[in-house]
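Undergrad: Here it is, the structure, as structure tokens.
Protein chains: 2
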Amino acid sequence: MLTIRKVTELTGIAAPTLRYYEKEGLLPHVKRNENGKRLYDEDDLSWIHFVTALRATGMPIAQIQKYVYLYKEGDSTISERKMMMLHHKKEIEKSIRELYFNLDKINYKLALYDVIESQIERTNIKI
Amino acid sequence: MLTIRKVTELTGIAAPTLRYYEKEGLLPHVKRNENGKRLYDEDDLSWIHFVTALRATGMPIAQIQKYVYLYKEGDSTISERKMMMLHHKKEIEKSIRELYFNLDKINYKLALYDVIESQIERTNIKI
DNA sequence: TCTTGACTTAAAGTGAACTTTATAATCTAT
DNA sequence: ATAGATTATAAAGTTCACTTTAAGTCAAGA
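So the sequences go chain by chain: V and X. Under this note's numbering, read the first sequence as residues 70 to 196, first letter to last. Under this note's numbering, read the second sequence as residues 70 to 196, first letter to last.
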């Protein structure tokens, strides 16, 4: 069982953020010791990594909240949870497509700078 | 020359956002008519599309601000501007890599749901 | 002429996701 | 046993990127 400090070291997530996530219901079943100090187990670490992946891919807190709520409801919500993940997968794929699309524009801009540079080269202009 | 209304129709960007971008210095040389109303030309539209691409790829307002400031400085800043774009290109590529990495985790989760479903199928359990 | 609608500005408000602060309790090492 | 570090909570504060509001100007149509 790990203290919050150990978890911040292992995950790079700040302690206040871990407390915030827990308060918002993103981390089910984090245990406490007899004095109310948090104790994290392997399961909690898995949840933290999963929540972090969802956050890193742009899922809002409220949606993760809902997912965890469904998880707590038990097996009857499995198909709904799967649907949420399928939907999120599509969102991520859309984000990736949009990033590539806009990356093209940046590359176009960079190509223009290359043209300018080659012109400077050819004409011996100094900038 | 287009009014702000026409530009919102063409770009899907809200009028207050266009004014905000201009106020923050993201849109150089937007002209006005004799009564102070904004008039956008093709150049302005190009800037709007470029700024939109930068925003969509996560570049902060402050950084775009700096880029436009350098642009206004003239040719002496070309290499610095090119460096900014090269750096941003790398950032976008990093974002894409991270999205793929986290997408893997979502796919793993989805694979688990598939396993559960096939188990339900095999054992004839109803959920 | 009046009013409607599109524009202008400056300033205040919003929402999301944390982060910081203040205060108190508890654990650890000397 | 006590100083100093770590943890707890609740509440306030921060940052970013807009968005909304309030108050005013101006041109065109009924």
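The beta-carbon is built from N, C-alpha and C at its ideal position, and this holds for glycine as well.
Mapping DSSP to helix, strand and coil, what is X:LEU96?
TA: Along the second sequence, one-based indexing puts residue 96 of chain X at 27. The answer is coil: DSSP assigns X:LEU96 none of H, G, I, E or B.
Undergrad: Would V:LEU123 and V:HIS157 qualify as a contact pair, given that the criterion is a beta-carbon distance under 9 Å?
TA: Reading the first sequence from its first residue, position 54 is the one you call residue 123 of chain V. Reading the first sequence from its first residue, position 88 is the one you call residue 157 of chain V. Yes, Cβ-Cβ distance for V:LEU123 and V:HIS157 is below 9 Å.
Undergrad: Suppose the cutoff is 6 Å on Cβ atoms and the five residues either side in sequence are ignored; what does the same chain contact list for V:ILE117 look like?
TA: Counting from 1 along the first sequence, the entry for residue 117 of chain V is found at position 48. Within the same chain, V:ILE117 has close Cβ partners THR80.
Undergrad: What's the C-alpha gap between X:LEU168 and X:TYR140?
TA: Mapped onto the second sequence, residue 168 of chain X falls at position 99. Mapped onto the second sequence, residue 140 of chain X falls at position 71. Going by the C-alpha atoms only, they are around 32 Å apart.
Undergrad: Taking only the alpha-carbon atoms, compute the straight-line gap between V:VAL99 and V:MET154 and give it to the nearest angstrom.
TA: Residue numbering aside, residue 99 of chain V sits at position 30 when the first sequence is read from its first letter. Residue numbering aside, residue 154 of chain V sits at position 85 when the first sequence is read from its first letter. Distance between the alpha carbons of V:VAL99 and V:MET154: 23 Å.
Undergrad: Which residue or residues does DSSP assign as beta-bridge partners of X:LEU168?
TA: Reading the second sequence from its first residue, position 99 is the one you call residue 168 of chain X. DSSP output for X:LEU168 lists no bridge partner at all.
Undergrad: Could you check whether the Cβ of V:GLU190 sits closer than 9 Å to any Cβ belonging to chain X?
TA: In the first sequence, the residue the question calls residue 190 of chain V occupies position 121. False, the Cβ-Cβ gap to chain X never drops below 9 Å.
Undergrad: So with Cβ pairs under 9 Å, would you call V:ASN197 a contact of chain X?
TA: What is shown of chain V runs 70 to 196, which leaves residue 197 of chain V out entirely.
Undergrad: How big is the Cα-Cα spacing for V:PHE170 and X:PHE119?
TA: If you number the first sequence from 1, residue 170 of chain V lands on position 101. If you number the second sequence from 1, residue 119 of chain X lands on position 50. Each residue's alpha carbon lies about 12 Å from the other.
Undergrad: Just the Cα atoms here: how many angstroms apart are X:THR126 and X:TYR136?
TA: Residue numbering aside, residue 126 of chain X sits at position 57 when the second sequence is read from its first letter. Residue numbering aside, residue 136 of chain X sits at position 67 when the second sequence is read from its first letter. In a straight line, the C-alpha of X:THR126 is about 15 Å away from that of X:TYR136.
Undergrad: Short of 8 Å in beta carbon distance, which residues of its chain neighbour V:GLY94, apart from the five on each side in sequence? Order them along the chain.
TA: Working through the first sequence from its first residue, we reach residue 94 of chain V at position 25. So the list reads GLN134, VAL137 and TYR138, once near-sequence residues are dropped.
Undergrad: Looking at chain X, is there any beta carbon in it that lies within less than 9 Å of the beta carbon of V:ASN171?
TA: Indexing the first sequence from 1 puts residue 171 of chain V at position 102. At least one chain X Cβ lies under 9 Å of V:ASN171.
Undergrad: Taking beta-carbon pairs under 8 Å, can you tell me which members of the stretch 134–151 of chain V lie near chain X?
TA: Residues ASP144, SER145, ILE147, SER148, ARG150 and LYS151.
Undergrad: Just by C-beta distance, which residues in the stretch 90–113 of chain X are closer than 8 Å to chain V?
TA: From the stretch 90–113 of chain X, no residue has a Cβ closer than 8 Å to chain V.
Undergrad: Measuring CB to CB, does V:LYS151 end up less than 9 Å from X:GLU160?
TA: Locating residue 151 of chain V in the first sequence gives position 82, counting from the first residue. Locating residue 160 of chain X in the second sequence gives position 91, counting from the first residue. Not a contact, by the Cβ cut-off of 9 Å.
Undergrad: So the alpha helix (DSSP H) V:THR80 belongs to, where does it begin and stop?
TA: Locating residue 80 of chain V in the first sequence gives position 11, counting from the first residue. From DSSP, the alpha helix (DSSP H) with V:THR80 extends over 73–80.
Undergrad: Any C-beta of chain V sitting closer than 9 Å to the C-beta of X:THR86?
TA: Taking the second sequence and counting its residues from 1, the one referred to as residue 86 of chain X is at position 17. Not one chain V Cβ lies under 9 Å of X:THR86.
Undergrad: Just the C-alpha distance for V:ASP113 and V:SER164, rounded to the nearest angstrom, thanks.
TA: By 1-based counting over the first sequence, the position of residue 113 of chain V is 44. By 1-based counting over the first sequence, the position of residue 164 of chain V is 95. The straight-line gap from Cα to Cα measures roughly 28 Å.
Undergrad: Could you check where the alpha helix (DSSP H) with X:SER115 kicks off and where it finishes?
TA: Taking the second sequence and counting its residues from 1, one reaches residue 115 of chain X at position 46. Per DSSP, X:SER115 belongs to the alpha helix (DSSP H) from 111–125.
Undergrad: Can a CB atom of chain X be found closer than 9 Å to the CB of V:THR72?
TA: For the purposes of this step, residue 72 of chain V is taken as the residue at position 3 of the first sequence. Chain X, which has no Cβ nearer than 9 Å to the Cβ of V:THR72, makes this no.
Undergrad: Any idea which residues DSSP pairs V:ARG191 with across the strands?
TA: The residue given as residue 191 of chain V occupies position 122 in the first sequence. Answer is none; V:ARG191 lacks a bridge partner.
Undergrad: CB V:ILE147 to CB X:TYR182, shorter than 9 Å?
TA: Numbered from its first residue, the first sequence carries residue 147 of chain V at position 78. Numbered from its first residue, the second sequence carries residue 182 of chain X at position 113. In contact: V:ILE147 and X:TYR182 (Cβ atoms closer than 9 Å).
Undergrad: Going by alpha carbons, who is nearest to X:GLU111 out of X:GLY105, X:LEU96 and X:PRO85?
TA: Counting from one through the second sequence, the residue named residue 111 of chain X turns up at place 42. When each option's Cα is compared against that of X:GLU111, the closest is X:LEU96.
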